[in-house]
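**Student:**
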Amino acid sequence: MPEHTFILNGKPVTAEVEDDVRLLWVLRDVLGVTGPKYGCGLGVCQACTSHLNGKAFNPCSVPVKDVRPDDEVTTIEGLPATVGKDLHPMQEAWLEYDVAQCGYCQPGQIMAAVAKVKQARAAGREITEADLDEIRNVCRCGTYHRIREAIAEGARRF
Amino acid sequence: MDVQDRLPTERTGAAVPGTRDTEAPPDGIERRKFLGYVLAAPTLAVAAQLGEAAVGTSQAHAAVGPLPELTEIFDLNDMLTTAALPTAGLITIHVHTDGTASFALPRAEVGQGITTSTAMLIAEELDLPLEKIRVTLADARPELLFNQLTGGSNTTISTYTPIRVAAAIARKRLLEAAADLLGTELSALTCKAGVITAPNGRSATYGSLAEKAASLKTLRVTADLKARSDFSVIGTARNRVDALASVTGRKQFAMDLHVPGAAPTMVCRPPTINGTVRSVRNLASVRAMPGVTDVVTLSTGVAVRARTFGQCIDAVRALSVDWGPGTAERASDDTVLRELKAAEVPLVVPKLNPLAKTVEGSFTFHFASNSALEPNCAVADVRSDRAEVWAALKSPIVAQQAIAAKLGLAPGAVTVHVTEGGGSFGRKLFSDAALEAAEVSKAMGKPVKLMWHRTDEFRQGRTHPMATSRIRATYALGKVLTYEQRHTSVSTDFGHGLGEIITATAAKLPVGDLTFSETIFTLSQQSPYDLGLTTQLLNEVDKGFNTGSMRNIYSPNVRCAQELIVDRLADELGKDRLGFRRQLVKNDRARAVLDKVAELGDWGRKMPAGTAQGLAVHPEYHGVVAVLAEIDCRPETTGRHVPDAYTGPRVTKVVCAVDVGLAVNPKGLEAQMMGGIMDGIAVTLTSGLHLKDGAFLEGSWDNYFYTRQWNTPPELEIVVMPPTSGKPGGAGELAVGAASAAVACAYGAATGTMPTTFPLNHSGPLGFEPLPTVPPIPQSPTDGLDRAY
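Top to bottom, those sequences are chains A and B.
Residue 18 in our numbering sits at position 18 of the first sequence; the count goes up by one each step and never skips.
Take any residue in the second sequence, count from 1 to its spot, add 1000: that is its number in our numbering.
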């Protein structure tokens, strides 16, 4: 069985699993990290959104063999540590606006929000309504409006 | 559903659980005493009776008799014998030595916020801070009879009093124990935030009193409830008690549980609705695939169990199955529509007035999916003599009975744990995945963690049935004389029963000769308007589809059709659409919410061509909601391009005013309104299923266009009205009907054409390339890194 090593939430991990198994299942079924959720396995709903080297991606759409030993995978569980706190400012904003309903999509929403704010800043600007319209994460509870409010607040905090 | 509104008056008073005594003290102020129990336990345990069914067995028996669907599932004699025990059907609060209180709620939390509102009810009557109260979800408790069903937006309506009674009894017992400990008169004690203080300053915490306040034997006791004017928690906006768990990824759903040995399991499903397995051609080679441990045939397909879900997907795709026909072979949107049209019950009201003019409309509502983001899923561990199941279940007692029957076990040998659910929208009223998981676990002899693939969710999962609504209204001399509505629908499956809200009272309702679904339709469809002689009837056809209640059941379709006709009537009578509604509404609560949205939304403001406002008002669940929507149908908006998406007309602004009588948690209520509005936008504009040759074409969230960020109204305002009735109504489903109708009316106003087919994009070109049906599920992409941002 092939071995795959990468950095998960700040620590090196090794998983023994076939090359083509998508990273989502390596995280959830092999390593027991359940923050990233399954919503489609098609790269559509974005419920599994996590970060790879600081960029948002869908682990359901990445074979584990494509992850390199020095790649840093961050799931919702590891997000606070990226800012050295108990909670990331985006998570604090989420609490302030009481965004979550069922909560199933919310880890992915928060990971997408952090990346979206960073993406705008890398382009030398703050996040706009048009940026928010581009977020593809499905929330079947329909918390979209609070998500927009919380992202604006989270952006102010980091 | 507004069953309570239709009950004979003598039952409305008896709707509070347990027995109620009324005392009339000399000062003339009537005080209500509520009965409950202190249970024999080492630390304080208090309880109250939940619901009506357990109060009098004869009532429950009489009520359930005419409902064969339920009597097939429940062994009523066993149930009623159990229910006759004096402490059966109790809900129990425990006070612990660490100063916390805990409560296992016999309902399902699927995002609607009932663990939070329940904790608030306990906090209020127990005088304990919210953060010291733990609300969990109870396992299936068959002795609760029909009273462990989460549906009909009924949770707060049915639990508001009993939960407070139990908490009030706990507080009273703690006060009595403190009086004894502190050597003080009970009346001299004060109670705040879990600490009881005597006039001399000595105090005792709830934790220190938890053992002393306990009882060696079970006692019947009474307690008073706080007056509403003394509330300090109920009616205040609170954040969800599970918010931190949600934002940190720590909230556990069924598929996040670690049940020893439970390995990922998926089902290879047929290419047409409910197709059957004739044979599997390559069992041995699939069993030998990497990670695969087992492959078995079951009633709904071929199940594969593997080390990872990814390997389940590989195995499902590799299976070569000879499929038999399903239950909707060759059916398409057109054939079902023809079937519905043929079954429409005629409009019969004769012209009452020779001068009367007629307004008519015929509306079509296509199939829609009630799939949540968390797919159908369950963990099951079936042994030879017992079974244990974990799933988000809104009808766990029915699930327990059905699983027991499937496995050939006694119901008592099946333990059903209710997990937190990732959304429901009606989907989790049924236990489809739990039944499959139990069947597969038994066949494989191993624990399984069974999950549906997203594509299966849309294609084989339950749907809101396709329906037509035909309306004819007549008017003369400025007055509406008659209103007839004939709703004709593909059959809705109510096989889960509807719990206490229907079954305990059905025999007393004037609907004896109607079917179960007709009863529900009759009970749930109120017209907010006085439209003269009014009849609204349901007729059903075709049981070949997997259906179920979708949030707000019939109301989104019925309300949408009625509001569009009301707009037509207003126009023909030369009246303003708001003024006409104000004149027609039956009560002040409806008028007040209409006025509120008209004021905040600046009704009648001048808008550019191609944009317009729409209005709707909807009463249900002891509440009423009004929605004002603004839509933009101009080409520069409808022509927006978002990849793999449907954009179309955009709802640019929504104003909503809601009156539920008494909002336990106004913030939670606002959240429910927001979600209902997003659902309403979707059902009117974008989210439908296309049926073709016995299968639905949609297979992903980029095919089934539920509201996404690019469809979300940039402006949204929700107003919770001050308490009116003083009693909480239902919230979870209330907004969908009004929102869907307001959006439809706005579209009609913006385009000058009354829309008649929903969702509006259904008749247009298919907005996606359908996925194949064999293999039934697509492979996951491999280009995730290229799309990182």
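Positions of the beta carbon are idealized from the N, C-alpha and C atoms, including for glycine.
1. Just to confirm the assignment: which complete beta strand (DSSP E) runs, minimum length 3, are found wholly within the region 1096-1120 of chain B?
2. Between residue 1393 (chain B) and chain A, is the shortest Cβ-Cβ distance under 7 Å, so that the two count as touching?
3. Can you grab the Cα-Cα spacing for the pair residue 1250 (chain B) / residue 1762 (chain B), in whole Å?
4. Which of helix, strand or coil does DSSP assign to residue 46 (chain A)?
5. So, helix, strand or coil for residue 1234 (chain B), using DSSP?
6. Residues in the region 9-38 of chain A with C-beta within 9 Å of chain B's C-beta atoms, listed in sequence order?
7. Just the C-alpha distance for residue 1234 (chain B) and residue 37 (chain A), rounded to the nearest angstrom, thanks.
8. When you compare the CB of residue 1361 (chain B) with every CB in chain A, is at least one pair closer than 7 Å?
9. Checking 7 Å against the spacing of the C-beta atoms, do residue 1376 (chain B) and residue 1432 (chain B) come in under that value?
10. Whose CA, out of B:1105, B:1573, B:1210 and B:1372, lies closest to the CA of residue 1476 (chain B)?
11. Just checking my contact of residue 1214 (chain B) with residue 1488 (chain B) at CB under 8 Å: how many whole Å lie between their CB atoms?
12. By the three-class DSSP mapping on this structure, what secondary structure does residue 1049 (chain B) have?
13. Count the other CB atoms within 10 Å of the CB of residue 1773 (chain B); is the residue buried (16 or more) or exposed (fewer)?
14. Starting from the C-beta of residue 1314 (chain B), find all residues in its chain whose C-beta is less than 7 Å away, skip the five residues before and the five after it, and write them out in chain order.
15. Along the chain, where does the alpha helix (DSSP H) that runs through residue 1768 (chain B) open and close?
16. Can you list, in chain order, the residues of its chain with a C-beta nearer than 6 Å to that of residue 21 (chain A)? Leave out the 5 residues immediately preceding and following it.
17. Would you call residue 1024 (chain B) buried or exposed, if buried means 16 or more other Cβ atoms sit within 10 Å of its Cβ?
18. Give, in chain order, every residue of the region 53-64 of chain A whose Cβ lies closer than 8 Å to some Cβ of chain B.
19. Among B:1422, B:1355, B:1316 and B:1325, whose alpha-carbon lies nearest the alpha-carbon of residue 1780 (chain B)?
20. What whole-angstrom Cβ distance do residue 1406 (chain B) and residue 1378 (chain B) have, given they're in contact under 8 Å?
21. Along chain A, in chain order, which residues have C-beta atoms closer than 9 Å to that of residue 1553 (chain B)?
22. CB-CB under 7 Å to residue 1041 (chain B), same chain, minus the five flanking residues each way: which ones, in chain order?
23. Pick helix, strand or coil for residue 1082 (chain B), following the three-state DSSP scheme.
24. Beta-carbon separation of residue 5 (chain A) and residue 69 (chain A) under 7 Å?
25. Give me the residue from B:1409, B:1426, B:1175 and B:1581 with the minimum Cα distance to residue 1198 (chain B).
26. To the nearest angstrom, how far is the alpha carbon of residue 1542 (chain B) from that of residue 1346 (chain B)?
27. Apply the 10 Å Cβ neighbour rule to residue 123 (chain A) and answer buried if 16 or more other Cβ atoms are within range, or exposed otherwise.
28. Is residue 1411 (chain B) close to chain A? Criterion is C-beta to C-beta, closer than 7 Å.
29. In chain B, which residues lie less than 8 Å from residue 3 (chain A) when you measure between Cβ atoms?
30. At the level of alpha carbons, what is the spacing between residue 1522 (chain B) and residue 1210 (chain B)?
31. Just checking: is the beta-carbon of residue 1458 (chain B) within a distance shorter than 7 Å of some beta-carbon in chain A?
32. Confirm, please, whether the CB-CB distance from residue 1564 (chain B) to residue 1685 (chain B) is below 7 Å.
33. Examine chain B for any beta-carbon lying closer than 7 Å to the beta-carbon of residue 68 (chain A), and answer yes or no.
34. Can you name the residues of chain B whose CB is closer than 8 Å to the CB of residue 75 (chain A)?
35. Write down every uninterrupted run of the beta strand (DSSP E) in the region 1616-1657 of chain B whose length is 3 residues or greater and which is fully enclosed by it, in chain order.
36. Give the secondary structure of residue 125 (chain A) by DSSP, where H, G and I count as helix, E and B as strand, and everything else as coil.
**Tutor:** Quick look at the numbers:
1. 1101-1105
2. Here residue 1393 (chain B) is taken as the residue at index 393 of the second sequence, counted from 1. Chain A contact via Cβ: absent.
3. Here residue 1250 (chain B) corresponds to residue number 250 of the second sequence, with the count starting at 1. Here residue 1762 (chain B) corresponds to residue number 762 of the second sequence, with the count starting at 1. About 39 Å.
4. Counted from its first residue, the first sequence places residue 46 (chain A) at position 46. Correct three-state label for residue 46 (chain A): coil.
5. By one-based count along the second sequence, residue 1234 (chain B) stands at place 234. Reduced to three states, the DSSP call for residue 1234 (chain B) is coil.
6. 17, 18, 20, 21, 22, 23, 24, 25, 26, 28, 29, 30, 32, 33, 34, 35, 36, 37 and 38
7. Residue mapping note: residue 1234 (chain B) aligns to position 234 of the second sequence, counting from 1. Residue mapping note: residue 37 (chain A) aligns to position 37 of the first sequence, counting from 1. Rounded to whole angstroms, the separation of the alpha carbons of residue 37 (chain A) and residue 1234 (chain B) is 34 Å.
8. If you number the second sequence from 1, residue 1361 (chain B) lands on position 361. False, the Cβ-Cβ gap to chain A never drops below 7 Å.
9. Here residue 1376 (chain B) refers to the residue found at position 376 of the second sequence. Here residue 1432 (chain B) refers to the residue found at position 432 of the second sequence. A contact, by the Cβ cut-off of 7 Å.
10. Position 476 of the second sequence, counted from the start, is the residue given in the question as residue 1476 (chain B). Comparing Cα-Cα distances from residue 1476 (chain B) to each of B:1105, B:1573, B:1210 and B:1372, the minimum goes to B:1573.
11. The residue labelled residue 1214 (chain B) in the question sits at position 214 within the second sequence. The residue labelled residue 1488 (chain B) in the question sits at position 488 within the second sequence. Wrong, their Cβ atoms sit about 59 Å apart, outside the cutoff.
12. To locate residue 1049 (chain B), count along the second sequence from 1; it is residue 49. Strand.
13. Numbered from its first residue, the second sequence carries residue 1773 (chain B) at position 773. With a threshold of 16 other beta carbon atoms within 10 Å, residue 1773 (chain B) meets it and is buried.
14. For the purposes of this step, residue 1314 (chain B) is identified with residue 314 of the second sequence, where counting begins at 1. For residue 1314 (chain B), where only same-chain residues beyond five positions count, the Cβ hits under 7 Å are 1289.
15. Residue mapping note: residue 1768 (chain B) aligns to position 768 of the second sequence, counting from 1. In the DSSP assignment, residue 1768 (chain B) falls outside any alpha helix (DSSP H), carrying neither H nor E.
16. Counting from one through the first sequence, the residue named residue 21 (chain A) turns up at place 21. Closer than 6 Å at the Cβ level, and outside the excluded window around residue 21 (chain A), lie 64.
17. As a working note, residue 1024 (chain B) is residue 24 in the second sequence. Its pLDDT being 41, under 50, residue 1024 (chain B) is placed unreliably in this model, and the coordinates cannot settle the point.
18. Listed by position, the residues of the region 53-64 of chain A near chain B (Cβ gap below 8 Å) are 55, 56, 57, 58, 59, 60, 61, 62 and 63.
19. In the second sequence, counting from the first residue as 1, residue 1780 (chain B) sits at position 780. The candidate whose alpha carbon is nearest that of residue 1780 (chain B) is B:1316.
20. For the purposes of this step, residue 1406 (chain B) is taken as the residue at position 406 of the second sequence. For the purposes of this step, residue 1378 (chain B) is taken as the residue at position 378 of the second sequence. For a cut-off of 8 Å, the C-beta gap from residue 1406 (chain B) to residue 1378 (chain B) is around 13 Å, too long to register as a contact.
21. Walking along the second sequence from the start, residue 1553 (chain B) turns up at place 553. Residues of chain A passing the Cβ test: none, with the nearest at roughly 18 Å.
22. Translated into positions along the second sequence, residue 1041 (chain B) becomes position 41. The residues are 1214.
23. In the second sequence, residue 1082 (chain B) corresponds to position 82, counting from 1. Reliability of the predicted coordinates at residue 1082 (chain B) is poor, the pLDDT of 49 falling under 50, and the value obtained from them is presented with this limitation in mind. Helix, per DSSP.
24. Taking the first residue of the first sequence as 1, we reach residue 5 (chain A) at position 5. Taking the first residue of the first sequence as 1, we reach residue 69 (chain A) at position 69. At a Cβ-Cβ threshold of 7 Å, residue 5 (chain A) and residue 69 (chain A) count as neighbours.
25. Position 198 of the second sequence, counted from the first residue, corresponds to residue 1198 (chain B). In terms of CA proximity to residue 1198 (chain B), B:1175 leads the group B:1409, B:1426, B:1175 and B:1581.
26. Position 542 of the second sequence, counted from the start, is the residue given in the question as residue 1542 (chain B). Position 346 of the second sequence, counted from the start, is the residue given in the question as residue 1346 (chain B). Rounded to the nearest angstrom, the two C-alpha atoms are 19 Å apart.
27. Locating residue 123 (chain A) in the first sequence gives position 123, counting from the first residue. Label assigned to residue 123 (chain A): exposed.
28. The residue you call residue 1411 (chain B) lines up with position 411 of the second sequence. Not closer than 7 Å to any Cβ of chain A, the Cβ of residue 1411 (chain B) fails to qualify, so no.
29. Position 3 of the first sequence holds residue 3 (chain A). Neighbours of residue 3 (chain A) on chain B: none; closest Cβ ~15 Å, over 8 Å.
30. Your numbering for residue 1522 (chain B) matches position 522 in the second sequence. Your numbering for residue 1210 (chain B) matches position 210 in the second sequence. Residue 1522 (chain B) and residue 1210 (chain B) have their C-alpha atoms spaced approximately 48 Å apart.
31. Taking the first residue of the second sequence as 1, we reach residue 1458 (chain B) at position 458. With a threshold of 7 Å between beta carbons, residue 1458 (chain B) makes no contact with chain A.
32. In the second sequence, counting from the first residue as 1, residue 1685 (chain B) sits at position 685. In the second sequence, counting from the first residue as 1, residue 1564 (chain B) sits at position 564. Cβ distance not < 7 Å, so residue 1685 (chain B) and residue 1564 (chain B) don't count as in contact.
33. Mapped onto the first sequence, residue 68 (chain A) falls at position 68. No - not a single Cβ of chain B is within 7 Å of the one on residue 68 (chain A).
34. Here residue 75 (chain A) corresponds to residue number 75 of the first sequence, with the count starting at 1. 1249, listed in chain order.
35. At a cut-off of 3 residues, the continuous stretches assigned as beta strand (DSSP E) that sit fully inside the region 1616-1657 of chain B are 1623-1632.
36. Reading the first sequence from its first residue, position 125 is the one you call residue 125 (chain A). Residue 125 (chain A): coil per DSSP, three-state reduction.
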